[in-house]
Every structure is written in C-alpha cells, then in structure tokens.
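Student: The opening position of the sequence shown corresponds to residue 754 in the working numbering, with each subsequent residue numbered one higher.
My questions will all concern the structure given below.
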Amino acid sequence: MDEFSDLTAFRAVAREGGFRGAARVTGSSASRLGDAVRRLEARLGVRLLHRTTRSVTLTDAGARLLERLEPALGEVRSALDVVNDFRGRPAGRLRLNVPIAAARLVLPRIVPPFLAKYPDIRMEVIAEERLVDVVAEGYDAGIRYEERLAQDMVAVPIGPRVQRFAAAASPAYLARRGRPRHPKELLNHDCLGGRFTKGPLHAWEFERDGVTLNVEPKGPLIVGLGTTTDLAVAAAVAGTGIIYDFEDWLRPYLDRGELVPVLESWWPSFSGPVLYYPGRHHLPTPLRAFIDFIRSMKT
C-alpha cells in the first residue's frame, strides 16, 4: 500500500507540474508528497523528476513511468469502484474538467443539489480553456461546447440546450458613440476582443435570415476568453466599448440596465454543452450517479 500511495503521489505531482499544485489537488502537503516521490525514486533507483526552484519536470524515466501508470491506476480505481455497487448510496471521487463558461453558467444549478443528494461523493471541478485529454490526465469526464469528440467518447447533454452569443454596451457608450445598426458598423466602434490562450483573436459571428457575418473586433482591450472575461464585462459597463460573449454571462448586467443589447436581431444561437466520458462497460459509481442526476433534471 505504501508503494501504491507513492505512485499516486508521483502521478499527482507530474500531472500538476509541481508539489504545491499537487498538494492543493490531493489535500496533502508539499513536503509529504516530496517524501513520497523520494521514496519511490530510491526504490526504483532512478530520478523521476527534475526539480528546480521554479519548476518540476519529468525525466525520460518519469515520462515513461507516467505513461504506463495512468491506465494502470485507472484500472485499479475501476476495480475498487465495483465495491460501490454494494453500498447503500454512491460514494467516492468525481473529477471533471470543464470550460470556465460551464463552471460559471451551467454547473452552479447542478452541483449543489447533486452533492446534497449524494453527500458521500467528493467532486473536484477543474476549469480551464485548453483542450484536455480527460483520460490521459486522470479525469472521469469533461464538458465541451460543440467541439468534435473522439469516437470512443459518450456525450450526454448538460445544461441549456440552446444558447446565444450577445453583443452589448453601456448606455453611456451608446450615447457617446451611437448604436450600430448592422454588424459591419462594428468596424467603426471600440470592441472588447478576446482570444483563447495562444490562439488567434476570436471573431464575432452574427446571423439573421440565413445570412452569417464574421467581424474581426478592433478596440482598446483584448482579454483571455473565459479566464479574464469579467475584466471585459467591467470595461463594457464602464463605457470602454462593446462586448460580445455568452448571453447568460451578460444577462445580469442586461437585466440591471448596466448594459444594453446591441444588434440583438443578429445574435447567433448555438448548441448547449455536453458532458463527455470514455465509453466503457463499467462507469465509476459517482459518474454514473451524476449522469442519472443530469438526465433526471431534464424531465
């Protein structure tokens, strides 16, 4: 069991890229994880991690071990989870990787009542914008918007089935600069743009009567989509420019009158997110309970 614990500690440190991050995720301490990795290295007789004051990276030996370790530990978790079927109620860990928008707009209506119903389940939700291999990184499931899924993944609708992108600006901005009547007029306005990490500037899409237009926003501010959207919203409310984002994200500000709809007849609709997970015969009990709970909310 000590060896199993040390292997689990090594995997957490490697996955999180450091001892402090792994300590936050596992609920352990950095020093305890460090001791576990040193024991494992001493037992194997090879160095698994390169350690500096700024970073922790895998050695070639560590990378090879992690590659074989991930599926093996997954099988162990599945084997242990079989015992859950004999419990009176589901228990265990449920680990999800989700976009920041889903964590902000979808999960708050689902997670609290789910955890209230299943108090023995411990849920861990990691929100980020990069595209993640949920299997390789040790997640039970993930959430995505419209992206194409691998063939071996199963998708379950979660949250609103139809959503919209919305453009909006503050009353002060529109009083000062005027209201655009057509998407092309945005080229003459201050637009608050966004991009995913290391990606291109996100184009604004509009559609009406079968016509779709893309506008490359130009303006005084560009933010990271999801990660710093709140900064763009604050700038829009302050009158800095026009914002384009999920309608649900902007809705509270629209309802309070801090922002005003712009080009609403052109707002495009898109499909809501899906929960996705590897297709396999035995699902972890916490994940199976979560899927059943999501489906029950639609009825």
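The beta-carbon is built from N, C-alpha and C at its ideal position, and this holds for glycine as well.
1. Can you check DSSP and say which residues form a bridge with M906?
2. Closest to G979 by CA distance: which of A767, F772, P852 and A814 is it?
3. Is it buried or exposed for R848, if we count other Cβ within 10 angstroms and need 16 for buried?
4. By the three-class DSSP mapping on this structure, what secondary structure does T982 have?
5. In terms of residue numbering, what span does the alpha helix (DSSP H) encompassing W1002 cover?
6. Determine the direct distance from the alpha carbon of R917 to that of D873, and round the result to whole angstroms.
7. Near N967, which residues of its chain fall below 6 Å by C-beta distance, leaving aside the five closest residues on each side in sequence?
8. Let me know if F1053 comes out buried or exposed under the rule of 16 or more other beta-carbons within 10 Å of its beta-carbon.
9. Can you name the start and end residues of the alpha helix (DSSP H) that E794 belongs to?
10. Could you check whether the Cβ of R773 sits closer than 6 Å to any heavy atom belonging to the ligand FMN?
11. Note the first and the last residue of the continuous alpha helix (DSSP H) segment covering V859.
12. My understanding is that L811 touches L819, with C-beta atoms under 8 Å, so please give their C-beta distance in whole angstroms.
13. Output yes or no for whether 7 Å exceeds the beta carbon distance between I863 and P1026.
14. For A921 versus P1014, is the C-beta spacing smaller than 7 Å?
15. Let me know the secondary structure DSSP gives F959 once reduced to three states.
16. Of the choices Y871, D886 and V878, whose alpha-carbon is the least far from that of A1086?
Tutor: Result, derived from the coordinates:
1. Against the sequence shown, residue 906 aligns to sequence position 153. For M906, the beta-bridge partners assigned by DSSP are P1031.
2. Position 226 of the sequence shown, counting from 1, holds the residue named residue 979. Per the Cα distances, P852.
3. Translated into the one-based positions of the sequence shown, residue 848 becomes position 95. Under the 10 Å beta carbon count, R848 is surrounded by 16 or more other beta carbons and is classified as buried.
4. Along the sequence shown, read from residue 1 onward, the residue named residue 982 stands at position 229. Helix at T982.
5. Along the sequence shown, one-based indexing puts residue 1002 at 249. Per DSSP, W1002 belongs to the alpha helix (DSSP H) from E1000 to D1008.
6. Here residue 873 refers to the residue found at position 120 when the sequence shown is read from its first residue. Here residue 917 refers to the residue found at position 164 when the sequence shown is read from its first residue. Their Cα atoms are separated by approximately 36 Å.
7. On the sequence shown, residue 967 is found 214 positions in, with the first residue counted as 1. Taken in chain order, the residues that qualify are A956 and E958.
8. Nothing can be reported for residue 1053, as the shown portion of the chain is limited to 754 through 1052.
9. As a working mapping, residue 794 is identified with position 41 in the sequence shown. Going by DSSP, E794 is part of the alpha helix (DSSP H) stretching over A783 to L797.
10. This structure does not include the ligand FMN; it has no bound ligands of any sort.
11. Against the sequence shown, residue 859 aligns to sequence position 106. No alpha helix (DSSP H) holds V859; DSSP gives it neither H nor E.
12. The sequence position of residue 811 within the sequence shown is 58, counting from 1. The sequence position of residue 819 within the sequence shown is 66, counting from 1. Between L811 and L819 the beta-carbon gap is near 6 Å, inside 8 Å, which marks them as a contact.
13. For the purposes of this step, residue 863 is taken as residue 110 along the sequence shown, with counting starting at 1. For the purposes of this step, residue 1026 is taken as residue 273 along the sequence shown, with counting starting at 1. Contact flag unset, no.
14. Indexing the sequence shown from 1 puts residue 921 at position 168. Indexing the sequence shown from 1 puts residue 1014 at position 261. The criterion of a C-beta distance shorter than 7 Å is satisfied by A921 and P1014.
15. Here residue 959 corresponds to residue number 206 of the sequence shown, with the count starting at 1. DSSP places F959 in strand when its eight states are reduced to three.
16. Residue 1086 falls outside the range modelled here, since the chain spans only 754 to 1052, and no answer is possible.
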